[in-house]
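Residue numbers (the numbering used here): 2 to 642.
Okay, structure coming up:
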């Protein structure tokens, strides 16, 4: 869960002390590696379960994370996350053998049941998903940052590294998302199921390279993060979103390379874990400091295992998708782990465990199959596969050994599931568990259906018959229902609006149902042009903006018709009539943070058919009476039933 006792670097002396501790930690780690200090007689697995919390009535983020953690803090396995609507649980490390995975699944279920029993008192609900479909951009405001020293320090430190004026998200899928944001808190969109595998030091380079190759196919088959702010984007949008959320780089007129803090990597590992740590220290400035209570080299001289706190703090601020980890086992011996950060949360606990078992089995099985995976596939292909799998998920085409082009489903069915089975059998995993979890992956591949494809297909269908907010809320409600049944995603039915029992549109904000695909004109356009556009677009109004996007007026079909009745044409005194001649110059507007009731009152009281939405004068959306009718029609239909 990360070292909590950290702070931002405030002065040169503090920085120097921490950097010296960091260098000492690297030297201590090198000494331990060279002198066989590490635990090698056992292999353990573990995991961290992240989740998002929503309200039961509106299915939007519920800011009760700190409250539920406080209620359960004595349990020892629950912790807050970056945003107030996220929490995580830490599972017990288990020996990689026998019924380890069914026990892990039961442990997760038990934890989630305990958490949900507390959330029931707060009218809130757990959702397991890579990115919550109903999440809104303003939910990522810094006021929703969990009030802990570590999180505040991290936000400040990343902002201090920012080279540009703002962060920017750019993702393109079925839809496109191009939006600015003012803080790294947008990282909190992402929730994952992080799996840990203990690795012997002399096998670390080989196993880490295997994890890099397996990242793409496991992510493709497990993808569950396709929707961001109502936009259908990458199948695993977490990958791009996380990198861009923490990307402090800016564009330049030269070709100097700068690596993002969230990264896949630039090359294979050749010798040991030290290559990763040294590369990350060399590439990335120290963001956070900690009160390092021990000198790692002095601890080594006393023949004791050092905590390597400085190294762990720095490692926690560099986000490799396969992260190298150092830890100390219960017996006091140090150990190494690979943390798989690729896998999203959800769609169900069963699906998550199947993803984990598939990856862990493939890791062990692939190590049995090949001596050096670098002899079978290039790093460039492994990295390219990773990017393609994030974009296209189960629909992508991967480059495999010997330049073979293959789909993730065929790769899983023909190669990786058999390899994973052998790997799991070699660890004496219970045969029923092997069949159960690999069977989930097999059915997913045969049906060509994972969480991402289900969400994309369902959301597209729902949008045809309702508003964006209704579609997203229905989608989220169906996900919760299926998660409660622990039904694997390959067996999920498409959701219908009748299943949206708790939906309360009075809780809606303007930003959740306004139109953003806007039809606008300028005040110097001729009215004949505007009249034709209204006819083509089948609309009764046009919003008027200037070159900077500032709203300057509204022109309505009623105004156009009044002029036509009086003048019989689109001229006045022989001159072309312009928009500015007949537009309303001070239109009634509303902010995106206003609720639906406020917006409705403005429309009714001012007897208008459209309500522009502005932010600091800039036009960002519009509400019409038709938008209210769509919401009302759906609500009345459910009330009637």
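Even glycine gets a Cβ: it sits at the ideal position worked out from N, Cα and C.
- When the alpha-carbon of residue 615 is set against those of 304, 545, 280, the nearest one is in 545.
- Closest option to residue 367, judged by alpha-carbon separation, among 212, 107, 27, 441: 212.
- Taking a contact as a CB-CB distance under 8 Å, the pair residue 55 and residue 477 counts as one, their CB atoms being some 7 Å apart.
- A check of alpha carbon separations from residue 349 across 597, 483, 181 identifies 483 as the nearest.
- Segment contact: the region 390-402 against the region 218-227, three or more CB-CB distances shorter than 8 Å; contact assigned.
- Annotation for residue 339: the continuous beta strand (DSSP E) segment containing it runs 335-341.
- The beta carbons of residue 102 and residue 434 sit about 5 Å from each other, so the pair counts as a contact at 8 Å.
- At the C-beta level, residue 395 and residue 449 come within 8 Å of one another.
- Residue nearest to residue 36 within the set 290, 203, 613 is 203 (criterion: CA-CA distance).
- Its chain contains 193, 195, 320, 321, 322, 323, 324 as the residues whose beta carbon lies nearer than 8 Å to that of residue 342, once the 5 sequence neighbours on both sides are disregarded; these appear in chain order.
- In the three-state DSSP reduction, residue 617 falls in the coil class, being neither helix nor strand.
- In the three-state reduction of the DSSP assignment, residue 596 falls in the strand class.
- If only complete runs of 3 or more residues are kept, the region 141-218 shows the beta strand (DSSP E) at 168-173, 177-182, 194-200, in order along the chain.
- If you draw a 10 Å sphere on the C-beta of residue 470, you find 16 or more other C-beta atoms in it, and that means buried.
- Counting along the chain, residue 267 sits inside no alpha helix (DSSP H), nor does DSSP assign it H or E at all.
- A residue is called buried when at least 16 other Cβ atoms come within 10 angstroms of its Cβ; residue 456 meets this threshold and is buried.
- For residue 359, the CB contacts under 6 Å within the same chain, skipping 5 residues up- and downstream, are 421, 442 in chain order.
- Taking C-beta atoms as the reference points, residue 112 and residue 78 count as a pair closer than 8 Å.
- Non-local C-beta neighbours of residue 601 in its own chain, meaning closer than 8 Å and more than five positions away in sequence, comprise 629, ordered along the chain.
- In this structure, 401 is the residue among 376, 401, 374 with its C-alpha nearest to the C-alpha of residue 387.
- Of the candidates 119, 313, 100, 133, 313 places its Cα closest to the Cα of residue 30.
- One thing to note: residue 126 has its Cβ within 8 Å of the Cβ of residue 481.
- Here residue 611 is not near residue 520, since their CB atoms are 8 Å or more apart.
- As DSSP reads the structure, residue 545 sits in a beta bridge with 522, 554.
- The criterion of a C-beta distance shorter than 8 Å is satisfied by residue 209 and residue 270.
- Contact between residue 19 and residue 238 is absent: CB atoms are separated by about 34 Å, not below the 8 Å threshold.
- With respect to residue 34, residue 275 sits close: the two C-beta atoms are nearer than 8 Å.
- Just measuring C-alpha positions, the residue of 198, 142, 148 sitting nearest residue 185 is 142.
- Listed in chain order, the non-local C-beta contacts of residue 159 below 7 Å within the same chain comprise 185, 247, 249, 288, local neighbours out to five positions each way being set aside.
- For residue 331, the secondary structure class from DSSP, reduced to helix, strand or coil, is coil.
- Membership of residue 413 in any beta strand (DSSP E) is not indicated, and neither H nor E is assigned to it by DSSP.
- Counting every other CB atom within 10 Å of its CB across the protein chains shown gives residue 381 a total below 16, marking it as exposed.
- Burial is judged here by how many other beta carbons sit within 10 angstroms of a residue's own beta carbon; residue 226 has at least 16 and is buried.
- In this structure, the alpha-carbon of residue 11 lies about 13 Å from that of residue 155.
- Residue 40 is a Cβ neighbour of residue 336, given a cutoff of 8 Å.
- Cβ atoms of residue 619 and residue 551 come within 8 Å of each other, at about 6 Å.
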